[in-house]
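There are 2 protein chains.
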Amino acid sequence: MSRVVCVTPNPAVDVTYRVGSLVPGASHRVSDPVERPGGKGVNVARVLHALGVPAVVVAPLGGPAGAGLAEALRAGGHAVRPVPVAAETRRTVTVVDDAGAATAFNEPGRALSADEWPAVVAAVTEELADAVALVVSGSLPAGAPDDLLPRLVAAARAAGVPAVADTSGPALLSVAGSGPALVKPNADELAEALPGDDGVSGAAGRLLALGARRVVVSLGADGLLGLGGSGGDGAVWRVAGVPGVSGNPTGAGDATVAALVRGLVAGTPWPEVLADAAALGAAAVLAAAAGEVDLAAYERFLPTLHAERVE
Amino acid sequence: MSRVVCVTPNPAVDVTYRVGSLVPGASHRVSDPVERPGGKGVNVARVLHALGVPAVVVAPLGGPAGAGLAEALRAGGHAVRPVPVAAETRRTVTVVDDAGAATAFNEPGRALSADEWPAVVAAVTEELADAVALVVSGSLPAGAPDDLLPRLVAAARAAGVPAVADTSGPALLSVAGSGPALVKPNADELAEALPGDDGVSGAAGRLLALGARRVVVSLGADGLLGLGGSGGDGAVWRVAGVPGVSGNPTGAGDATVAALVRGLVAGTPWPEVLADAAALGAAAVLAAAAGEVDLAAYERFLPTLHAERVE
Numbered sequence: 001m002s003r004v005v006c007v008t009p010n011p012a013v014d015v016t017y018r019v020g021s022l023v024p025g026a027s028h029r030v031s032d033p034v035e036r037p038g039g040k041g042v043n044v045a046r047v048l049h050a051l052g053v054p055a056v057v058v059a060p061l062g063g064p065a066g067a068g069l070a071e072a073l074r075a076g077g078h079a080v081r082p083v084p085v086a087a088e089t090r091r092t093v094t095v096v097d098d099a100g101a102a103t104a105f106n107e108p109g110r111a112l113s114a115d116e117w118p119a120v121v122a123a124v125t126e127e128l129a130d131a132v133a134l135v136v137s138g139s140l141p142a143g144a145p146d147d148l149l150p151r152l153v154a155a156a157r158a159a160g161v162p163a164v165a166d167t168s169g170p171a172l173l174s175v176a177g178s179g180p181a182l183v184k185p186n187a188d189e190l191a192e193a194l195p196g197d198d199g200v201s202g203a204a205g206r207l208l209a210l211g212a213r214r215v216v217v218s219l220g221a222d223g224l225l226g227l228g229g230s231g232g233d234g235a236v237w238r239v240a241g242v243p244g245v246s247g248n249p250t251g252a253g254d255a256t257v258a259a260l261v262r263g264l265v266a267g268t269p270w271p272e273v274l275a276d277a278a279a280l281g282a283a284a285v286l287a288a289a290a291g292e293v294d295l296a297a298y299e300r301f302l303p304t305l306h307a308e309r310v311e
Numbered sequence: 001m002s003r004v005v006c007v008t009p010n011p012a013v014d015v016t017y018r019v020g021s022l023v024p025g026a027s028h029r030v031s032d033p034v035e036r037p038g039g040k041g042v043n044v045a046r047v048l049h050a051l052g053v054p055a056v057v058v059a060p061l062g063g064p065a066g067a068g069l070a071e072a073l074r075a076g077g078h079a080v081r082p083v084p085v086a087a088e089t090r091r092t093v094t095v096v097d098d099a100g101a102a103t104a105f106n107e108p109g110r111a112l113s114a115d116e117w118p119a120v121v122a123a124v125t126e127e128l129a130d131a132v133a134l135v136v137s138g139s140l141p142a143g144a145p146d147d148l149l150p151r152l153v154a155a156a157r158a159a160g161v162p163a164v165a166d167t168s169g170p171a172l173l174s175v176a177g178s179g180p181a182l183v184k185p186n187a188d189e190l191a192e193a194l195p196g197d198d199g200v201s202g203a204a205g206r207l208l209a210l211g212a213r214r215v216v217v218s219l220g221a222d223g224l225l226g227l228g229g230s231g232g233d234g235a236v237w238r239v240a241g242v243p244g245v246s247g248n249p250t251g252a253g254d255a256t257v258a259a260l261v262r263g264l265v266a267g268t269p270w271p272e273v274l275a276d277a278a279a280l281g282a283a284a285v286l287a288a289a290a291g292e293v294d295l296a297a298y299e300r301f302l303p304t305l306h307a308e309r310v311e
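Chain order of the listed sequences is A and G. Counting in UniProt numbering, the first sequence runs from 1 upward without gaps. Counting in UniProt numbering, the second sequence runs from 1 upward without gaps.
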């Protein structure tokens, strides 16, 4: 079964607590914790699964938290290829109050040992033998090799499948330089990695110049910008946001990535891929948790959105 | 080796995160988490260990968190008698900012199954065969049997050793009614369990009338009050606080309990026991974490404190 390989270099067990209100300096009795598998690549796989697109999560997983994460994914019907590592998988703790405000405490990913990253690359390479695409999403834990993402992109190229990367910081630049099919920063990540006064489309153009074949910049409520598909090298496409959508933006970028990879694999025309990605991202904002989408809203949003060429 | 049996009905893995400042509604990158065994009975055992008094922790422990808690206690040189239970042991998360303010999120203890509480009682009873005292500290998880603490006190009586209880709410009243050697509420817990206008010593006297043979009420920075030891039934003793002590009050009550049980076991005169307990409680405020005491401060404080008969 050909599937999308979703690599999550820095997975987490996402823990949610509910409180009446969060008072700094006070002691709170919280609700029973809700735990779910987290990490951006995990979220992409969940959205693909909801869309009926087979996916497998590849992630370094360690300790009881890592074992629990793999077990929870399998219990949810997801394929997972754990790469066993010594360090315990991290947690994130999100405290949600009665007004819906979310306060997050994100543990850093623990460093892997020198021989564990090659095991991750080997597992991804094996999975790519029977894959339709590679997605690499999220941050890298401290100590990850600088060339990790370029090596994964090279493995996808060797397997003849497109590679999509959603990351930030120096890793965004190094992965763009390795010639992936697509990179998807958000506007803040793009401005941080490539500061300058050439605007969003200018900075995105620099990612193209580095080597990415397509760039999609998610703009939150303002939709997204797409470069590098059909229309010639200089074409910049824009899809507006869906008006009046508010909710939980966490995971919207992951839903956008899921739509983009689905479109690339299917060979869908570029403007349609972009409109689809914007609709699915907006539908994710309406869902309760990252990695979920409101499919009914997606069906409503899709016919209202169109990519327009702006440059 | 005769030791103090420290029962912790509702243990926890205490997790501490450090942040620059806690901003409700924001996302925070936190330090590497520091995990340590928690729960009031665990803290009492740690203080006893620091004092050179052998102790064993008896606690229902479940899942990877429970296994990790037992392992961490053993690694610290503590004896532990885990009672295996199905439900995972809870966590507490404390977020400490750069100014030292601590914001705590305490998960509720998960309910034990019907046959697990009898296993706790059986384990305590076995440990009491070679014990010098019983301490039961902390809250009860939801679903704990109403007569749990009275049954533990009865087991101590059958073994011929004194029972000391530090709990709150209805459990404080039921354990006092079962005739323990000593109960130690703090002033807030006492006022909550026994509201009225007869003041701290009046309410403490009602715990004596219920059946407790001694009552010590910890008053935070104001020291403590002791009833029911030497001096006749109506005697109320008071030890003032140590002036100018500030720090981390969590665990001060547990250090007080450790000193009280040590004094009861040694047959130390009651006024000396009370002064010792106040000194050790104040020394715990100066220590970084619950279950620790500043032994040098304790040695300084001890000669400055004296119990005075106030009623």
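Don't be surprised by glycine CBs; every beta carbon is placed ideally from N, CA and C.
At a cut-off of 8 Å between beta carbons, A131 (chain A) makes no contact with chain G.
For G247 (chain A), no beta strand (DSSP E) run applies, since DSSP gives it neither H nor E. Taking 8 Å as the threshold, the shortest C-beta distance from R29 (chain G) to chain A falls below it.
Annotation: the continuous beta strand (DSSP E) that includes D166 (chain G) extends over 163 to 166. A212 (chain A) is positioned such that its CB atom lies closer than 8 Å to that of V183 (chain A). In the DSSP assignment, G39 (chain A) falls outside any beta strand (DSSP E) and carries neither an H nor an E. For A279 (chain G), the CB contacts under 6 Å within the same chain, skipping 5 residues up- and downstream, are Y298, F301, L302, L305 in chain order.
By the CB criterion at 8 Å, V200 (chain A) and A187 (chain A) fall inside the cutoff. Counting along the chain, R18 (chain A) sits inside the beta strand (DSSP E) bounded by residues 12 to 18. Taking the Cα positions, P195 (chain A) is about 38 Å away from V15 (chain G). Under DSSP, H28 (chain A) shares a beta bridge with G:F105. Under the three-state reduction of DSSP, G196 (chain A) is assigned to coil, being neither helix nor strand.
Taking C-alpha positions only, P180 (chain A) is separated from A163 (chain A) by approximately 5 Å.
Taking G66 (chain A) as the centre and dropping the five residues before and after it, the same chain places the C-beta of T89 closer than 6 Å to its C-beta, in chain order. Here the alpha carbons of P170 (chain A) and H78 (chain G) stand approximately 46 Å from one another. Contact between A235 (chain G) and V293 (chain G) does not hold, since their C-beta atoms are separated by about 28 Å, which reaches or exceeds 8 Å. Using a CB distance below 7 Å, the part of the region 25 to 57 of chain A facing chain G consists of G25, A26, S27, H28, R29, V30, D32, P33, ordered along the chain. For L61 (chain G), the closest C-alpha among the options G:V83, G:V124, G:A45 is that of G:V83. Excluding five sequence positions before and after G226 (chain G), the CB atoms of its chain that fall closer than 6 Å to its own CB belong to V216, W237, L274, given in chain order.
Within chain G, the residues placing a beta-carbon under 9 Å from that of P64 (chain A) are G63, P64, A65, A67, G68, ordered along the chain. With 16 or more other Cβ atoms from the protein chains shown falling within 10 Å of its own Cβ, A284 (chain G) counts as buried.
Listed along chain A are F105, each with a C-beta nearer than 7 Å to that of V95 (chain G).
Apart from the 5 residues on each side of it in sequence, A86 (chain A) sits with its Cβ closer than 7 Å to the Cβ of G62, S113 in its chain, given in chain order. When the alpha-carbon of G76 (chain G) is set against those of G:D166, G:L210, G:P64, G:A50, the nearest one is in G:A50. In this structure, A101 (chain G) lies away from H28 (chain A), with their beta-carbon atoms at least 8 Å apart. Around L22 (chain G), the beta-carbon contacts reaching into chain A at under 7 Å are P24. Between L190 (chain A) and A203 (chain A), the CB-CB gap stays under 8 Å.
When secondary structure is reduced to three states using DSSP, R309 (chain G) falls in the strand class. The count of Cβ pairs closer than 8 Å, one atom from the region 2 to 10 of chain A and one from the region 122 to 132 of chain A, reaches three, so the stretches are in contact. Here DSSP, grouped into helix, strand and coil, assigns P141 (chain A) to coil. Spatial neighbours of P249 (chain G) in its own chain (CB-CB distance under 6 Å, excluding positions within 5 residues in sequence) are listed in chain order as V285. For L274 (chain A), no beta strand (DSSP E) run applies; the uninterrupted alpha helix (DSSP H) run containing it begins and ends at 270 to 285, by DSSP. DSSP, reduced to helix, strand and coil, places L264 (chain G) within a helical segment of the structure shown. Inclusion of T125 (chain G) and N106 (chain G) in the CB contact set at 8 Å is not warranted, their separation being larger than that value. Per DSSP, P82 (chain A) is one residue of the beta strand (DSSP E) stretching across 79 to 85. Under the three-state reduction of DSSP output, R110 (chain G) falls in the coil class, being neither helix nor strand.
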